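Sequence lines, in order, name chains A and B. Counting in my numbering, the first sequence runs from -4 upward without gaps. Counting in my numbering, the second sequence runs from 12 upward without gaps. Heads up, the beta-carbon is just placed ideally off N, CA and C, and yes, glycines get one too. None of the values given here were measured: they were computed from a predicted structure.
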Amino acid sequence: MNAIELCNITKVYTRKNLFSTVHSTGVEHLDLAIRHGEIYGLLGLNGSGKTTAIKLILGLIMPTEGTVIVQGEKVPSPAVLRQIGFLPEAPYFYRYLTAREILTMYGNLSQIDNVSESVERMLVQVGLEDAADKKLEEFSKGMLQRIGIAQSLLHNPVILVYDEPLSGLDPLAMQVMATVLLDLKRQGKTILFSSHRIAIVEKICDRVAILSRGSLVRVLEQPEWAQASGELERIFIADVAASSELGRIKLP
Amino acid sequence: MTTFFSVAYYTFIENIRKKIFYGLILFGGVMMGASVLLSVLGGQQTLRILLDLGSSAIEFFALLGVGFSAVTLILEEMESKTIYLILTRPVSRFHYLTGRYAGLLMALYAGMLAMALMHVSLLLFNGWVFHARYVLSLFLSAEKILVVGSVALFFSLFSSSAVSSLSFTVFFWILGHFSGEINYLGTQIPSLAGKLAIGIFYYVIPNMQYFNLRDFWDVPQVMGNWVWLSFAYGCAYSAVFILLTVMLFKRKEF
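And the structure:
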């Protein structure tokens, strides 16, 4: 049994305007299988379907066609959500709450036992114990990212789904995030994350899926890019360059 | 239910820490202070003017608060994506939505209570004798907030735009004060279809007159079952709108 399976998934978004209905395809006939205990990267240009795939796994959107199965159970299901920790791109929180309050709220919502004990432990783990009673509006971007990590791990999930966790981080914070992901893998977690940072992806991922315009182009195993530095980037560019909808910028 | 209480509690905490919350209370206080100056013009009716202007100010600022807060209560969460971190946990959409609404109402009621304390102090300072009817009148104003908030929340998910939902809510609120006139209009229309249309409209629009106990300070016979019937009406009306909102919300994708 795989940790996550997307079976022949198609998602068509429908937007109703006053006199017309617009359809756009998020992903089309997408098949993905993420094994237990691996770090799986989703690579693709903007609009390639990475976030759509992640939202389908989390049950935030429903597939037009196909099935999503997580830990053997069909999505959407509360049992599935108990096993997933999610970190969105540039996470937003209730800025008038303190770090301790927001984590307590998420702990209650995840219905875990000993919420306050878990919150205190998590605050120490992410190095925010001294800022526990500060309101989040006073937090820097790096501190908010740590709160994001803390909330995703608070209920000790077996699967972590991170959407662009490296986006907007400085090089040092990016390295810290890469180390965190490797540590979590060592703890036996299954990690699915999307990113544009190919240099980091090739260092930490076991497998990578390249998406383009809503379809799966190919799945690569680590040995396929590990032989030469920059190999993953070369393969990625070769695969997606032809499918980019935007033409060249023509400067005078 | 833990999830409902948790969402409600932290929504309450979040709202009472906002500067706008204290701004509304402050404006309510300033309005009551201004009523002291106006009451000088009232001659023998100084207390009546203080009473009416003060309770109107409490209701007006609470309505302002619920109108603006309820239309953005879920929309803002969707735009800022804070909703992702809630709905990706085992929380039912019903508990999330009702919890958010309950938390907002608790914050607004706390604000109303603070304004009411200022108002009562002002009245007592001017020689007023406390009467239980004041509490009942405040209670029905709170019920009005409940009704307007549920309408605003429904429109916010129905139209997905804060401006149009606020416009619809204000439209309902204004028409709600003319329910009697709408009903009368229905009796004057000769065609059956017209009567039916006006009849439906009459029942869809909330009858705000049921909550205006403060208009009948000097009519003791108005009391009786009024308060409890109005309370039941307000609860039933809000429940219908909240259930409709939950139905819309369950179909939403993020």
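- Using a Cβ-Cβ cut-off of 7 Å, lysine 92 (chain B) counts as an interface residue toward chain A, since at least one Cβ of chain A sits closer than that to its own.
- Take the alpha-carbon of methionine 123 (chain B) and the one of phenylalanine 179 (chain B): they are about 24 Å apart.
- As for any alpha helix (DSSP H) of minimum length 4 sitting wholly inside the segment 150 to 214 of chain A, the runs are 166 to 181, 193 to 199, ordered along the chain.
- Contacts between glutamate 96 (chain A) and chain B, judged by CB atoms closer than 8 Å, involve Tyr21, Ile24 in chain order.
- Secondary structure of phenylalanine 81 (chain A) (DSSP, three-state): strand.
- For arginine 111 (chain B), the nearest beta carbon of chain A is not closer than 7 Å to its own beta carbon.
- In this structure, serine 43 (chain A) lies away from leucine 187 (chain A), with their beta-carbon atoms at least 7 Å apart.
- Annotated three-state conformation of tyrosine 87 (chain A) is coil, per DSSP.
- By the 16-neighbour rule on beta-carbons within 10 angstroms, tyrosine 214 (chain B) is exposed.
- Excluding the 5 residues flanking it on each side, isoleucine 52 (chain A) has same chain C-beta neighbours closer than 8 Å at Ile(-1), Leu1, Val63, Val65, Val70, Ile79, Val156, Leu187, in chain order.
- With a cutoff of 7 Å on beta-carbon distance, leucine 224 (chain B) and leucine 151 (chain B) are scored as near each other.
- Taking a beta-carbon distance threshold of 7 Å, tyrosine 244 (chain B) does not count as an interface residue toward chain A.
- Three or more pairs of CB atoms, one per stretch, sit closer than 8 Å, so the segment 84 to 101 of chain A contacts the segment 85 to 102 of chain B.
- The beta-carbon of valine 102 (chain B) is placed less than 7 Å from the nearest beta-carbon of chain A.
- Judged by DSSP in its simplified three-state form, valine 22 (chain A) adopts strand.
- Taking every protein chain shown into account, the CB of methionine 219 (chain B) has 16 or more other CB atoms within 10 angstroms, so this residue is buried.
- At a cut-off of 7 Å between beta-carbon atoms, arginine 28 (chain B) makes contact with chain A.
- Judged by beta-carbon spacing, serine 176 (chain B) lies beyond the 7 Å limit of methionine 100 (chain A), meaning their Cβ atoms are not closer than that value.
- The beta-carbon of threonine 99 (chain B) is placed less than 7 Å from the nearest beta-carbon of chain A.
- CA-to-CA, the gap between isoleucine 60 (chain B) and serine 50 (chain B) works out to about 5 Å.
- When 7 Å is used as the limit between beta carbons, serine 17 (chain B) is near these residues of chain A: Met100, Asn103, Leu104, in chain order.
- When DSSP states are grouped into helix, strand and coil, alanine 28 (chain A) belongs to the strand group.
- The beta carbon of isoleucine 56 (chain A) falls within 7 Å of a beta carbon belonging to chain B, placing the residue at that interface.
- By the Cβ criterion, the segment 127 to 134 of chain A is in contact with the segment 91 to 98 of chain A, since at least three pairs of Cβ atoms, one from each stretch, lie closer than 8 Å.
- Closest by C-alpha distance to leucine 186 (chain B), out of B:Tyr145, B:Gln199, B:Ile216, B:Ser171, is B:Ile216.
- Closest in C-alpha terms to arginine 141 (chain A), from the list A:Val171, A:Asn41, A:His191, A:Tyr35, comes A:Val171.
- Leucine 53 (chain A) reaches chain B at Thr99, counting residues in chain order whose Cβ is nearer than 7 Å.
- At least 7 Å separates the CB of phenylalanine 14 (chain A) from every CB of chain B.
- Taking 4 residues as the shortest admissible run, the segment 94 to 151 of chain B contains the following complete alpha helix (DSSP H) segments, listed from N- to C-terminal end: 95 to 98, 104 to 136.
- Note on geometry: alpha-carbon atoms of valine 102 (chain B) and phenylalanine 23 (chain B) lie some 18 Å from one another.
- With distances taken between CA atoms, aspartate 201 (chain A) lies nearest to A:Lys184 out of A:Val212, A:Asn103, A:Lys184, A:Asn41.
- Under the three-state reduction of DSSP output, valine 70 (chain A) falls in the coil class, being neither helix nor strand.
- Membership of tyrosine 221 (chain B) in any alpha helix (DSSP H) is not indicated, and neither H nor E is assigned to it by DSSP.
- Around leucine 96 (chain B), the beta-carbon contacts reaching into chain A at under 8 Å are Phe81, Pro83, Pro86, Phe88, Tyr101, Gln146.
- Here the C-alpha atom of glutamate 264 (chain B) lies approximately 19 Å from the C-alpha atom of leucine 25 (chain A).
- The alpha carbon of isoleucine 4 (chain A) has as its nearest neighbour, out of A:Gln146, A:Ala168, A:Ala28, the alpha carbon of A:Ala28.
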